[in-house]
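A.B. asks: I have a structure here, written as structure tokens, and I will follow up with some questions on it.
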Amino acid sequence: YRMVSGVDRNIGRILAALDQLSLAANTVVLFASDHGMYYGDRGLSDCWQLNEQSIRIPLIVFDPRADESKRGIVREEMALNIDVAPTILELAGLDAADGMQGKSLVPLLRGKEAEWRKAFFCEHRFDRADIPKSEGLRTQRWKYIRYYEQQPVYEELYDLLKDPHESCNLAADSKFADQLARLRRRCDASLFR
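Heads up: the sequence shown begins at 268 in this note's numbering, then just goes up one per residue.
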């Protein structure tokens, strides 16, 4: 509660300053984080694993120029941190560089239907003795994670529609062997494209 209150208070201060400077009508305010946090979930702290608590981030975009009917909408598309820069550039009327990863979120912000990603690759490859390296693939329904330096390789598979808290690892369940193999191949393809 205290963290949310602190963020709310400080965003309020920013908005008040924009009002005072007569900039509020033409300033887009974007709030995001570079990663999620566990805060004790799963007995963990910080952000190093690939569970939802770590890879999901808040993203709030307020564009005062937008049609009022488009404000306050929540979209289910998978936005990534690599989408933030192209979004800011488009909102500023600039083109993203050719080699820039990510896609502008502006069509989604405007309430338009857009061809959007259905999956993304994620990884933790930092050398830390206390945190195993991992990589994974998240789709709209499934999450696959593997700890590739473990011997044998340890894998996790979650059905996020039925198990949004990722509490039931299906990787060893033979009923999900085909799904596990598909996601494993897609993860491999993401690594070597």
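All residues carry an ideal CB built from backbone N, CA and C; glycine is no exception.
Using C-beta distances below 6 Å, list every residue in its chain close to V296, excluding the 5 sequence neighbours before and after it, in chain order.
C.D. replies: Within the sequence shown, residue 296 is the residue found at index 29, counting from 1. Hits under 6 Å: F329.
A.B. asks: Which residues in the same chain as A291 place their Cβ atom closer than 8 Å to its Cβ, once the five residues preceding and following it in sequence are excluded?
C.D. replies: By 1-based counting over the sequence shown, the position of residue 291 is 24. If we look at A291 and ignore the five residues flanking it on each side, its Cβ neighbours are L282, L285 and P331.
A.B. asks: Could you give the first and the last residue of the continuous beta strand (DSSP E) run that contains L297?
C.D. replies: As a position in the sequence shown, residue 297 is number 30, starting the count at 1. From DSSP, the beta strand (DSSP E) with L297 extends over V296 to A299.
A.B. asks: Roughly how far, in whole angstroms, is the beta-carbon of V351 from the beta-carbon of A299, given that I think they are within contact range, below 8 Å?
C.D. replies: Counting from one through the sequence shown, the residue named residue 351 turns up at place 84. Counting from one through the sequence shown, the residue named residue 299 turns up at place 32. Contact flag correct, Cβ pair sits at about 6 Å.
A.B. asks: So, with DSSP's three-state summary, where would you put Y305?
C.D. replies: For this step, residue 305 is matched to residue 38 along the sequence shown. Its pLDDT being 47, under 50, Y305 is placed unreliably by the model, and the measurement read from it follows with that caveat. Coil.
A.B. asks: R309: buried (16+ other C-beta within 10 angstroms of its C-beta) or exposed?
C.D. replies: Stepping through the sequence shown from its first residue, residue 309 is reached at position 42. With a pLDDT of only 48 at R309, under 50, the local geometry of the prediction cannot be trusted, and the value read off the model is given with reservation. It is exposed - the Cβ of R309 has fewer than 16 other Cβ atoms within 10 Å.
A.B. asks: In the DSSP assignment, what are the bridge partners of A248?
C.D. replies: Because residue 248 is not part of the residues shown, which for the chain are 268 to 460, the question remains open.
A.B. asks: Do you know whose CA, among G378, S457, E380 and E423, lies nearest F443's CA?
C.D. replies: Position 176 of the sequence shown, counted from the first residue, corresponds to residue 443. Nearest of G378, S457, E380 and E423 to F443, Cα basis: E423.
A.B. asks: Consult DSSP for V420 and reduce its assignment to one of helix, strand or coil.
C.D. replies: Start at 1 with the first residue of the sequence shown, and residue 420 comes out as number 153. Secondary structure at V420: coil, using DSSP grouped into helix, strand and coil.
A.B. asks: Could you check what DSSP says for R269 in three-state terms: helix, strand or coil?
C.D. replies: The residue labelled residue 269 in the question sits at position 2 within the sequence shown. Of the three classes helix, strand and coil, the one that applies to R269 here is helix, per DSSP.
A.B. asks: Beta-carbon separation of Q446 and W409 under 9 Å?
C.D. replies: The sequence position of residue 446 within the sequence shown is 179, counting from 1. The sequence position of residue 409 within the sequence shown is 142, counting from 1. Cβ distance < 9 Å, so Q446 and W409 count as in contact.
A.B. asks: I'd like the list of long-range same chain contacts for P374, defined as Cβ closer than 6 Å, with 5 residues on each side in sequence excluded.
C.D. replies: If you number the sequence shown from 1, residue 374 lands on position 107. Only A381 meet the Cβ criterion.
A.B. asks: Would a C-beta distance cut-off of 9 Å place S434 and Y414 closer than the cut-off?
C.D. replies: In the sequence shown, the residue the question calls residue 434 occupies position 167. In the sequence shown, the residue the question calls residue 414 occupies position 147. The answer is no: Cβ separation not under 9 Å.
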